[in-house]
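One rule links them: number in this note's numbering = place in the sequence shown (from 1) + 456. Heads up, the beta-carbon is just placed ideally off N, CA and C, and yes, glycines get one too. All remarks here apply to the structure that follows.
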Amino acid sequence: MKKTTNYQQLAQAILKNIGGKENINNLIHCITRLRFYLKDESLANDEAIKQLSGVINVQKAGGQYQVVIGQAVTEVYDAVIALTGPFENDSAEQKTQPVQDDHESKSMIGTVKYFFSQLIGVMTGAMIPVIGLLAGTGILKGILAACLGFRLLTINSGSYLILNSIGDAIFFFLPIILGFTAAKKLGSNPVNIAVVGAVLTYPNIIKAASQVATAHISFFGIPTTLVSYTASVFPIIIAAWLGKYIEHFLNRVIPSYIRSIFVPILEVLILSLIILVGIGPVITLLSKGLADLFITIYNFNPALSGLVIGLFYQTMVIFGLHWGLIPIVINDIATNGHSYLNAILSITMVAQGGAALAVFLKTKNKHLKEISLAAAISAFCGVTEPALYGVNLKYKRVFITASIASGVGGLITGLLHVNNYALSGSLIGFSAFITPNVGINQNFYNYLISHYSTLLIALILTLLWGYSDRYLKANTIEGSK
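This is how it looks when you write it as structure tokens:
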């Protein structure tokens with residue numbers, strides 16, 4: 457049977473057990489998960505979906521009904537969309553808001569939970585389309601740093617100029633890209649918000665902001681301070697959020713026969729002024745404060761920070777809460793040029809992969825061997841969900857040994873002050889630990905020590921205590937599929 461047929465059958469089965477097309481408000485996907493926004497989650501048959509061949513697990517978080525697929529998520533997503541048709545973004549605000557019951561909406565905890573779900577939803581929708589590209593360019597930048605360090609390239613060479621431009625472009629123009637993706641998520645016009653992002657990264661504004669003599673300007677008598685918005689995250693997301701309200705207002709007050717000309721330019725003008733003259737510098741200052749706050753906490757006790765984050769980060773992944781940290785990492789790298797936090801998160805991927813690899817080495821079950829090896833390779837490439845749901849959580853001791861190894865690895869990472877210079881990590885992202893404009897130095901060697909010692913700890917703990925084939929009798933993979 458062809459794979460495409462399998463995807464079609466899986467898509468049909470998921471739709472049937474999720475309550476049908478009519479129960480879906482919206483659907484997006486990330487690297488491994490289909491993320492449904494359902495009208496009524498009680499109509500979904502969780503156990504039936506978990507039993508489907510091709511489904512790893514089901515999770516509910518951030519107002520989303522998440523079906524964990526693994527590496528084939530794009531193919532399954534396309535198969536679902538082929539059956540349902542595309543979901544329009546015009547009413548995305550209505551479609552993507554999780555339902556609050558009356559009792560929950562009246563409580564303070566319910567209100568906080570609701571807005572936290574909304575925040576996670578916006579972050580996932582805006583960040584998911586660019587995460588893979590950010591990780592890939594991070595690897596490229598690391599390789600370039602190594603080439604400079606070994607003098608295979610010079611900073612003035614044409615080869616370096618072109619390759620470095622490819623590596624830098626997504627970060628430099630991140631407001632344009634995030635403007636487009638955030639607008640699609642929030643229901644504002646993606647092209648208009650992308651143009652606002654282009655205004656924020658306009659060369660003359662960036663140049664003026666970089667010089668003390670020209671950074672302080674006035675706009676028709678209103679004093680303002682220009683700041684650099686290249687690689688910024690939060691200002692353009694605020695613009696996308698405001699954009700849906702401004703656009704709705706303009707469409708209401710401007711006659712239809714001139715609307716197509718005046719609404720776009722007025723929206724761009726109003727939002728650009730709000731960001732540049734109004735709240736942009738404040739948001740940028742807060743972003744810098746957020747990055748500095750984490751560094752302050754980290755510097756207070758790097759080892760303890762590494763231990764705590766290492767122990768619990770993959771638990772956050774299970775519930776989909778890790779997306780709250782991704783913008784912080786991106787902001788950290790954009791603001792400071794590096795991220796100690798991302799170095800610790802990288803360790804957790806290696807630990808999960810190491811535990812899955814131990815299961816591959818120890819089990820005699822052919823099917824489990826195939827799944828655990830594939831899951832380990834995926835984790836070493838930076839995607840841990842196949843290892844988490846396909847192997848480690850099924851055999852709870854494996855997840856425990858992985859978490860212990862992750863905590864110890866985080867502690868080692870903190871003690872050695874391992875630093876990360878791009879949104880990439882695990883074993884495939886080794887080049888993200890090469891110091892830009894310096895090359896391979898002690899930081900890279902500390903990366904090797906911390907990551908491969910974590911891999912070794914996860915392997916040994918899982919081989920000695922975490923897994924035995926006798927667990928197959930109580931929790932067989934074949935039985936769940």
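In terms of Cα proximity to residue 866, the closest of 892, 506 and 796 is 796. Shortest Cα-Cα distance from residue 686 to any of 473, 766 and 793 involves 793. As a beta-bridge residue in DSSP terms, residue 679 pairs with 674. DSSP places residue 753 in the helix class (H, G or I) of the three-state scheme. Put simply, of 764, 692, 517 and 623 the residue whose alpha carbon is nearest the alpha carbon of residue 739 is 692. Between the beta-carbon of residue 745 and that of residue 800 there is about 21 angstroms, and that puts the pair past the 8 angstroms contact cut. Its Cα nearest to that of residue 855, the residue 915 stands out among 481, 707, 915 and 709.
Close CB contacts of residue 649 within its chain, under the 8 angstroms cut and outside five residues either way in sequence, are with 635, 636, 638, 639, 692, 695, 696, 699 and 727 (chain order). Straight-line spacing of the CA atoms in residue 845 and residue 513 works out to 6 angstroms. Around the beta-carbon of residue 503, fewer than 16 other beta-carbon atoms lie within 10 Å, marking it exposed.
With respect to residue 594, residue 834 sits apart: the two C-beta atoms are not nearer than 8 angstroms. Under the three-pair Cβ rule at 8 angstroms, the stretch 602-615 does not count as touching the stretch 802-814. Excluding its 5 nearest sequence neighbours in each direction, residue 839 has C-beta neighbours in its own chain below 7 angstroms: 487 and 488, listed in chain order. The continuous alpha helix (DSSP H) containing residue 724 extends over residues 712-729.
The Cβ-Cβ distance between residue 644 and residue 690 does not fall below 8 angstroms.
With respect to the 8 angstroms criterion, residue 861 and residue 876 are not classified as neighbours on the basis of their beta carbons. By the 16-neighbour rule on beta-carbons within 10 angstroms, residue 907 is buried.
Beta-bridge annotation (DSSP): residue 891 is paired with 895. No residue range can be given for residue 850, since it is assigned to no beta strand (DSSP E) and is classified by DSSP as neither H nor E. Here residue 832 is buried, its C-beta having at least 16 other C-beta atoms within 10 Å.
Using a 10 angstroms sphere on the CB of residue 808, the tally of other CB atoms reaches 16 or more, which defines it as buried. Only buried fits residue 850, as 16 or more other CB atoms lie within 10 angstroms of its CB. A distance below 8 angstroms separates the beta carbons of residue 511 and residue 524. Of all alpha-carbon atoms in 596, 491, 705 and 917, the one lying nearest the alpha-carbon of residue 536 is that of 491. For residue 484, DSSP records a beta bridge to 491.
Annotated three-state conformation of residue 743 is helix, per DSSP.
Annotation note: the stretch 767-818 contains the following uninterrupted alpha helix (DSSP H) runs of length 4 or greater, listed N- to C-terminal: 782-792 and 796-818. Ranked by Cα distance from residue 592, the options 884, 515 and 730 are led by 884. Pairing residue 612 with residue 618, the inter-Cα distance amounts to about 11 angstroms. Assigned with DSSP and collapsed to three states, residue 528 falls in coil, not helix or strand.
Residue 681 places its beta carbon less than 8 angstroms from that of residue 671. By DSSP's assignment, residue 516 forms a beta bridge with 521.
Following the DSSP letters along the chain, one finds residue 658 in no alpha helix (DSSP H), marked with neither H nor E. For residue 615, the enclosing alpha helix (DSSP H) begins and ends at 614-628. Inclusion of residue 912 and residue 817 in the CB contact set at 8 angstroms is not warranted, their separation being larger than that value. The three-state secondary structure of residue 875, taken from DSSP, is coil.
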